[in-house]
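J.:
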Amino acid sequence: MNIATLKYCFSPSCIYRLPENTDYQGCLEYIRSLPMTQQPEVFGLHENADITKDNQESLQLLKGTLLTQTHIIGVGVERDVDDIVYSLCDDVLSKLTLRFDVLEVSKKYPVLYINSMNTVLRQELIKFNNLIDTIRTTLVDVQKAIKGLVLMSPELEEIFFSMSIGRVPATWSKMSYPSLKPLGSYINDLLERLAFFQDWIDHDAPTVFWISGFFFTQSFLTGALQNYARKHKIPIDKLDFEFEITSFVNDVNTAPSYGVYIRGLYLEGARWNRQLKEIDESEPKIMFDLLPVIWLKPGIKAEFIIEYVYHCPVYKTSERRGVLATTGHSSNFVLYILFPTHVDESHWIKRGVACLCQLDD
Numbered sequence: 058m059n060i061a062t063l064k065y066c067f068s069p070s071c072i073y074r075l076p077e078n079t080d081y082q083g084c085l086e087y088i089r090s091l092p093m094t095q096q097p098e099v100f101g102l103h104e105n106a107d108i109t110k111d112n113q114e115s116l117q118l119l120k121g122t123l124l125t126q127t128h129i130i131g132v133g134v135e136r137d138v139d140d141i142v143y144s145l146c147d148d149v150l151s152k153l154t155l156r157f158d159v160l161e162v163s164k165k166y167p168v169l170y171i172n173s174m175n176t177v178l179r180q181e182l183i184k185f186n187n188l189i190d191t192i193r194t195t196l197v198d199v200q201k202a203i204k205g206l207v208l209m210s211p212e213l214e215e216i217f218f219s220m221s222i223g224r225v226p227a228t229w230s231k232m233s234y235p236s237l238k239p240l241g242s243y244i245n246d247l248l249e250r251l252a253f254f255q256d257w258i259d260h261d262a263p264t265v266f267w268i269s270g271f272f273f274t275q276s277f278l279t280g281a282l283q284n285y286a287r288k289h290k291i292p293i294d295k296l297d298f299e300f301e302i303t304s305f306v307n308d309v310n311t312a313p314s315y316g317v318y319i320r321g322l323y324l325e326g327a328r329w330n331r332q333l334k335e336i337d338e339s340e341p342k343i344m345f346d347l348l349p350v351i352w353l354k355p356g357i358k359a360e361f362i363i364e365y366v367y368h369c370p371v372y373k374t375s376e377r378r379g380v381l382a383t384t385g386h387s388s389n390f391v392l393y394i395l396f397p398t399h400v401d402e403s404h405w406i407k408r409g410v411a412c413l414c415q416l417d418d
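For the sequence shown, this note's numbering assigns the number 58 to the initial residue and increments by one for each residue that follows.
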């Protein structure tokens, strides 16, 4: 439509349009009719952006309120908090009984030149064992401190306070994979990760890998490239992934002919259109779209044909920022996935479209 057309709309809702009467009085009336609070469409954003903003503001308010909790605990309530935290320690300890026998796993899945995934598995189990040991040791110490058997050190006090407000203690976070989940969800997520690797140990490598479950996701991706590089005798620095979003919703019965299947990614800021096989606008009030199984296909990157795609960043958490390790890897960013699109890539960049390995709840 030509911009000179009467009632030309600048936004999908048509709130922002050319005034019918363009004289001085008509322009004033039109300006007065505009909403006091700008809608997301003014900035080229989806209407769901308002929900995201409101959620973040509410979360910040609640976090600020929690910081005052230590100052408002009344007389007689302290004993109740002690009992609650003590019971919570018991509950977590009763659930977190699994510890991997790395030596036995190394015998079953030895280091092989043709299968780097065995090395990836061993590295993951070591990291999870360290996390489990930290959690169990600190929980036992907190229980002893509550009973008065040991001194309540600043570290134990921080763990006690964090557990009392449902937050993951900083001591655990230092040994943990990135996560923004509250304490209850964090423990459940950890148990799911442990179950995933136990199933791997018991029944061999899965046909579909839960990418969200890895401690160090980059080692898994490097392992997939390394297997392909060694099989075809190609330098690994010449390889990269091509991506195919399949129609599989859950696990697949057979592994791919090459590369790996992954699951567990959430698309934020857009959705995957199952019919058109491309990214599309989000449905109203639906913030995340759980993607189908994705096929990561290793290949020589110089031979890739890249056109009409959006380079979608994948992050471990919604924080979307991390710290660079000595290896050069980010603690949060994982990789870019290329999604087909019929609109310019800048459209999705403006909407902040990204994939997340896990949600915050």
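Where is the CB? At the ideal position from N, CA and C, for every residue including glycine. Since we're looking at a predicted model, the values are computed, not measured.
What separation, rounded to the nearest whole angstrom, lies between the Cα atoms of F67 and T109?
T.: Using only the alpha carbons, I get a separation of about 23 Å.
J.: Work out the CA separation of F266 and A252 for me, nearest whole Å.
T.: So the two alpha carbons sit approximately 13 Å from each other.
J.: Contact check, S236 vs Q415 under 8 Å by CB: the rounded distance?
T.: So it is a contact: roughly 7 Å between Cβ atoms.
J.: CB-CB under 8 Å to V99, same chain, minus the five flanking residues each way: which ones, in chain order?
T.: Within the same chain, V99 has close Cβ partners S68, Y73.
J.: So the candidates are E360, L119, Y285; which of them puts its Cα closest to the Cα of I171?
T.: Per the Cα distances, Y285.
J.: Does the region 135-147 come within contact of the region 160-171, defined as at least 3 CB pairs closer than 8 Å?
T.: These segments do not touch.
J.: Beta-carbon within less than 8 Å of I291's beta-carbon, same chain only, minus the 5 sequence neighbours each way: which residues are those?
T.: Taken in chain order, the residues that qualify are Y285, I357.
J.: Could you tell me the alpha carbon to alpha carbon distance between I129 and L150, rounded to whole angstroms?
T.: In this prediction, I129 has a pLDDT of 43, which is less than 50 and means its spatial position is unreliable; nothing more can be read from the coordinates.
J.: When burial is assigned at 16 or more other CB atoms within 10 Å of the CB, is T311 buried or exposed?
T.: The residue in question, T311, is exposed, as its Cβ has fewer than 16 Cβ neighbours within 10 Å.
J.: Can you tell me whether V400 is helix, strand or coil according to DSSP?
T.: V400 falls in the coil class under three-state DSSP.
J.: When you compare each of P226, T228, S276 to L392 by their alpha carbons, which one comes out closest?
T.: Among P226, T228, S276, the Cα nearest to that of L392 is on S276.
J.: Can you give the Cα-Cα distance for E161 and D190, rounded to whole angstroms?
T.: Between E161 and D190, the C-alpha separation is close to 18 Å.
J.: Here's the rule I'm using: 16 or more other beta-carbon atoms within 10 Å means buried, otherwise exposed. How should S233 be labelled?
T.: Per the 10 Å Cβ criterion, buried.
J.: Tell me whether L99 sits in a helix, a strand or coil according to DSSP, three-state version.
T.: According to the sequence as given, residue 99 is Val; it is not Leu. Correct three-state label for V99: helix.
J.: Using DSSP with H/G/I as helix, E/B as strand and the rest coil, what is Y73?
T.: Y73: coil per DSSP, three-state reduction.
J.: Would you mind sorting L91 into buried or exposed? The rule is 16 or more other CB atoms within 10 Å of its CB.
T.: Per the 10 Å Cβ criterion, exposed.
J.: Counting Cβ pairs closer than 8 Å, one from the region 382-389 and one from the region 336-354, do we hit at least three?
T.: Segments in contact, no.
J.: Which value, in whole angstroms, describes the spacing of the CA atoms of R331 and V400?
T.: C-alpha separation (whole angstroms): 17 Å.
J.: Helix, strand or coil: how does DSSP classify D418 here?
T.: D418 falls in the coil class under three-state DSSP.
J.: So, under 8 Å CB-CB, V309 and Y318 are touching, yes? Tell me the CB distance rounded to an integer number of Å.
T.: Yes, they are in contact, since the Cβ atoms of V309 and Y318 sit about 6 Å apart, within 8 Å.
J.: Quick check: the region 179-188 against the region 237-256, are at least 3 beta-carbon pairs closer than 8 Å?
T.: Verdict: yes, contact present.
J.: If you compare alpha carbons, which of H386, A359, S403 is closest to C369?
T.: Residue S403 is the option with its Cα nearest to C369.
J.: Just the C-alpha distance for C412 and G241, rounded to the nearest angstrom, thanks.
T.: About 24 Å.
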